[in-house]
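Here our numbering is used: the first residue of the sequence shown is 247, the next is one more, and so on.
Note that beta-carbon positions come from the ideal geometry of N, C-alpha and C, so glycine has one too.
A quick note: this is a predicted structure, and the numbers were derived from the prediction, not measured.
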Amino acid sequence: MNCHSRWTPLLRRTLELAEDGGSFGEVPVGALVVTADGLVVSEARNAQRAPHFDPTAHAEVLALRAAGAALSRHTLQGCTLVVSLEPCTMCAGAAVLSRVDRIVFAAWDPKAGACGSIRDVARDSRLNHRPEVIGGILEGEARAQLHTFFSDLRS
247 MNCHSRWTPL LRRTLELAED GGSFGEVPVG ALVVTADGLV VSEARNAQRA
297 PHFDPTAHAE VLALRAAGAA LSRHTLQGCT LVVSLEPCTM CAGAAVLSRV
347 DRIVFAAWDP KAGACGSIRD VARDSRLNHR PEVIGGILEG EARAQLHTFF
397 SDLRS
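Set out below in structure tokens:
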């Protein structure tokens with residue numbers, strides 16, 4: 247099984263979560279945390295807008311928080327963060343500090359991406375822990391979803 251086929255079903259789920267968030271006016275981003283044996287321990291979508299009004303409620307942060315609670319631990323070694331869009335600086339930093347083994351995402355983000363697009367928080371970390379980064383799987387589908395959301399927003 248190649249790397250892409252391993253992550254494709256999980257990335258499709260992040261796109262479903264993102265679509266759900268987009269239907270509520272959230273920027274369509276979905277995230278999962280998965281254990282080494284493939285168990286999905288948390289799912290989240292962006293939740294920054296009403297009624298939450300929380301600028302830190304990015305899908306990645308919410309998924310990492312829920313995974314810590316589900317696993318009853320504050321670090322997530324052995325886990326993978328799976329996201330529909332390349333994490334921003336805040337979310338990439340949260341992933342590094344949570345000690346996930348890897349970050350897998352669909353679309354690269356040339357405006358705010360911090361896993362290789364405009365910066366690389368994981369590689370630049372001065373911590374001993376640097377997660378593996380795999381990006382660009384299902385990129386076309388993720389980009390189309392974002393394009394549709396922002397086109398509709400402008401109309």
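The three-state reading of DSSP puts residue 385 in helix, counting H, G and I together. Residue 288 is bridged by DSSP to 279.
The residues 341, 342, 346, 347, 348, 349 and 368, in chain order, have a CB closer than 7 Å to that of residue 377 in the same chain once the five nearest residues on each side in sequence are set aside. Residues 350 and 383 of the same chain have their beta carbon placed closer than 6 Å to that of residue 253, with the five preceding and five following residues left out of the count. The alpha-carbon separation between residue 276 and residue 379 amounts to approximately 17 Å. Closest option to residue 329, judged by alpha-carbon separation, among 300, 308, 321 and 315: 308. When secondary structure is reduced to three states using DSSP, residue 334 falls in the coil class, being assigned neither helix nor strand. When the five nearest sequence neighbours on each side are left out, the beta carbons in the same chain lying within less than 6 Å of the beta carbon of residue 395 are those of 268 and 274, in order along the chain. The DSSP-derived three-state label of residue 348 is strand.
By the Cβ test, the segment 352-365 is not in contact with the segment 313-321, since fewer than three Cβ pairs between them sit closer than 8 Å.
In this structure, the CA atom of residue 392 is about 34 Å from the CA atom of residue 374. Taking all protein chains shown into account, residue 288 has 16 or more neighbouring C-beta atoms within 10 Å of its C-beta and is therefore buried. If you check the CB distance, residue 279 and residue 325 come in under 8 Å. With contacts defined by Cβ atoms closer than 8 Å, residue 261 and residue 352 form a contacting pair. Remark: C-beta atoms of residue 360 and residue 333 approach each other more closely than 8 Å.
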